[in-house]
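Trainee: Sequential numbering from 1 applies to the sequence shown in the UniProt record's numbering.
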Amino acid sequence: MPNVEPLRQGDPSAVGAYRLIGRLGQGGQGVVYLGQAGDGRPVAVKVLRTRDERLAKEIDAARRVEPFCIAQVLDASLDGVPYIVTEYVQGPSLQQAGRHQGADLQRLAIATATALAAIHQAGIVHRDFKPGNVLLGPDGPRVIDFGIARAMDQARTNTSSIVGTPAYMAPEQLAGEAVGPAADVFAWASVVAFAATGSPPFGDDSLPAVINRILHHEPQLPDLPQPLRGIALECLAKNPADRPTMQDVMLRLLGGKAAATGVPGPRTASRRRRPASGRGKALVATAGAVAIAAIATTAAVAMSPGGPAPTPSALAQPVTTSPEAKDLSTAKPKTKKPSTSRPAEESGTQRPADEPTTQRPTTTRPTATRTTSKPTVKTTPKPAAKPNIRILSVEALGNKHPPSDCNYGATLIKAMVEGPPGIDFTYSWVLDGKVKATSQWATRDGATQLPQYGPITELGTHRVVLRITSPVSVQGSVSFESCDDD
């Protein structure tokens, strides 16, 4: 397997029930090994240097994080040698892969924002989000390393125990103040800037210089395209209270407006929280507002009283200015009447008295006016065949309670569609009969996964419908039950 080093002298051959195969990396918290579970499945085993009494609570919170876009926590132990076992993601880190552009950069930004939003939803602050902790797996980017994560109600550090990577740390984290989800928002923008430009927005040279820039200077985002640039600038605000939440960022990336409120988090001295009433419902209600506004504007122009502009062929038609001119295509043809001879006296010519006044009748053929314009025949073009876009699956992702099989915590909806590559389509998410979000996407080569919808946290039975409305009309649905975390 790539990026795996051999075991070194002194490394254990096994930890718990997991056989160790090689080294994946090493950090301040411990060594990460490639391990093998009893069923032969590869796993990542992080052996911690010290035992922390708060580790059990953090592991329990980490297990509540939704399994999409992260390396899921599978097992942990505090007995003997403390360790954490997570899903193994085969692929290079973002630090190793380097710069991203275009659609790849957009997918990376959306996937990592969604992962951090799910982490915050579970009550966790990552605190060390950096390019080395984003793995580019075969099914998309995954966020890893919860070794120094802290539950939100315990996310406080001090100047003597600052943890993290300075180039991606928020000002309050460097200052030793209370650290909340806003610090991850700051780090996310720094990581996206690195992915686009190859350098973090405050540089990565000497530590004093980097810290000074983070605390006092504006970020450098030379090659970051819009709308990512505008979103990143908001996320890199010095004051954590001025940054959007991770869910707001996720909605902005998907084409919707930022929600008025965000994920509930700890109240800190440096962060002012806004009222939380109706917060969960507001998050999904605004997705796709930009796309709807664009469609409405186009329709308004097309339906304006002036109508569409005249075509060049219409402007080229000759114009008759004479008031007596009539439309030849509607004029009735005239027929000359046979002429009758008038008496010679009337014509002023004297005929002899004995000359008979016989007159040969003059017959004139009626002249028909030829109509030069042919009647216009309207032909209706045959409509173009609609692309065959179909919904492959709609699934509800969440932690399940046996034996009732209901979801506890947050639920997200995953959908796969298929169609000819490069076809733009419009779709809506309908939750319990109400349209909650509308957006646009494009088919890829093969099956295409839509950005996941959610989170859905309200208790009860729910039905979510994915409705594709253009250029075809098709829908799929899934039903699930949300229950208490008991």
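Note that beta-carbon positions come from the ideal geometry of N, C-alpha and C, so glycine has one too.
Keep in mind it's a predicted model, so treat the numbers as computed, not measured.
(1) For valine 4, which of helix, strand or coil comes out of DSSP?
(2) Rounding to the nearest angstrom, what Cα-Cα distance links valine 179 and threonine 112 in this structure?
(3) Taking all protein chains shown into account, do 16 or more other C-beta atoms lie within 10 angstroms of the C-beta of proline 420, making it buried, or fewer, making it exposed?
(4) To which residues does DSSP link proline 82 through a beta bridge?
(5) When the Cα of arginine 243 is compared with those of Pro181, Asp204 and Asp205, which residue comes out closest?
(6) Please state whether DSSP places aspartate 248 in a helix, a strand or coil.
(7) From what residue to what residue does the alpha helix (DSSP H) around threonine 112 run?
(8) Take the Cβ of serine 470 as the centre, count every other Cβ of all protein chains shown within 10 Å, and call the residue buried at 16 or more, exposed below.
(9) Going by the DSSP bridge assignment, what does glycine 30 pair with across the sheet?
(10) For tyrosine 168 and arginine 49, I'd like the C-alpha separation in whole angstroms.
(11) Mind the definition here: the segment 403 to 413 touches the segment 452 to 461 only if three or more C-beta pairs lie below 8 angstroms; say whether that holds.
(12) State whether the segment 135 to 143 contacts the segment 65 to 77, with contact taken as three or more CB pairs (one from each stretch) at a distance under 8 angstroms.
(13) If we count the other Cβ atoms within 10 Å of its Cβ and call it buried at 16 or more, is threonine 461 buried or exposed?
(14) Comparing the C-beta of arginine 49 with each C-beta of chain B, is any distance below 9 angstroms?
(15) Among the residues of its own chain, which have a CB less than 6 angstroms from the CB of proline 275, if the five just before and after it don't count?
(16) Just tell me which of Met250, Leu207, Leu74 and Ile211 has its CA closest to the CA of glycine 35.
(17) Which value, in whole angstroms, describes the spacing of the CA atoms of cysteine 483 and histidine 217?
(18) Between lysine 434 and leucine 254, what straight-line distance do the alpha-carbon atoms span, to the nearest angstrom?
(19) Whole angstroms is fine: what's the gap from glycine 446's alpha carbon to alanine 209's?
(20) Taking alanine 442 as the reference, give the member of Ala195, Ala17, Glu418 and Asp205 with the closest Cα.
(21) Just tell me which of Val192, Ser77, Pro222 and Tyr427 has its CA closest to the CA of alanine 415.
(22) Whole angstroms are fine: how far does the CA of lysine 46 sit from the CA of valine 32?
(23) May I have a chain-ordered list of the beta strand (DSSP E) segments no shorter than 3 residues that lie completely inside the segment 387 to 460?
(24) The alpha helix (DSSP H) spanning alanine 196 covers which residue range?
(25) Thinking just about the alpha-carbon of each residue, which of Gly422, Ile468, Glu481 and Ile423 is nearest to the one in alanine 396?
(26) Who pairs with serine 206 in a beta bridge, going by DSSP?
(27) Rounded to whole angstroms, what's the CA-CA distance from isoleucine 21 to tyrosine 83? Just pull it up for me.
(28) Tell me, please, which residues DSSP counts as bridged to phenylalanine 480.
(29) Buried or exposed: which applies to serine 439, given that a residue is buried once 16 or more other Cβ atoms fall within 10 Å of its Cβ?
Mentor: So, from the listed chains and residues:
(1) In the structure shown, the three-state DSSP call for valine 4 is coil.
(2) In a straight line, the C-alpha of valine 179 is about 20 angstroms away from that of threonine 112.
(3) Per the 10 Å Cβ criterion, exposed.
(4) Looking at the DSSP assignment, proline 82 forms no beta bridge with any residue, so it has no partner.
(5) Among Pro181, Asp204 and Asp205, the Cα nearest to that of arginine 243 belongs to Pro181.
(6) Under the three-state reduction of DSSP, aspartate 248 is assigned to helix.
(7) It spans 102 to 121 - the alpha helix (DSSP H) in which threonine 112 sits, taken as one unbroken run.
(8) That one is exposed.
(9) For glycine 30, which the question treats as bridged, DSSP gives the partners Leu48.
(10) A direct Cα-to-Cα measurement between tyrosine 168 and arginine 49 gives close to 24 angstroms.
(11) Touching, per the Cβ criterion.
(12) Cβ pair count under 8 angstroms is three or more, so yes.
(13) Flag for threonine 461 reads exposed.
(14) Here there is only one protein chain, and chain B is not present.
(15) Interpretation of proline 275 is limited by its pLDDT of 38, a score under 50 that renders its predicted location unreliable; the figure taken from the coordinates is listed afterwards. Counting only Cβ-Cβ distances below 6 angstroms, and skipping sequence neighbours, we find nothing.
(16) Looking at Met250, Leu207, Leu74 and Ile211, the one whose alpha-carbon comes closest to that of glycine 35 is Leu74.
(17) Cysteine 483 and histidine 217: Cα-Cα distance of roughly 47 angstroms.
(18) Straight-line Cα distance between these residues: approximately 19 angstroms.
(19) C-alpha separation (whole angstroms): 47 angstroms.
(20) Alanine 442 has its Cα closest to that of Glu418, out of Ala195, Ala17, Glu418 and Asp205.
(21) Nearest C-alpha to alanine 415: Tyr427.
(22) The alpha-carbon atoms of valine 32 and lysine 46 are separated by roughly 4 angstroms.
(23) At a cut-off of 3 residues, the continuous stretches assigned as beta strand (DSSP E) that sit fully inside the segment 387 to 460 are 390 to 401, 406 to 418, 424 to 431, 434 to 442 and 453 to 456.
(24) Per DSSP, alanine 196 is one residue of the alpha helix (DSSP H) stretching across 181 to 197.
(25) For alanine 396, the closest C-alpha among the options Gly422, Ile468, Glu481 and Ile423 is that of Glu481.
(26) According to DSSP, serine 206 bridges with nothing at all.
(27) Straight through space, the alpha carbons of tyrosine 83 and isoleucine 21 are spaced by roughly 16 angstroms.
(28) Paired residues: His462.
(29) Answer is buried; the Cβ neighbour count reaches 16.
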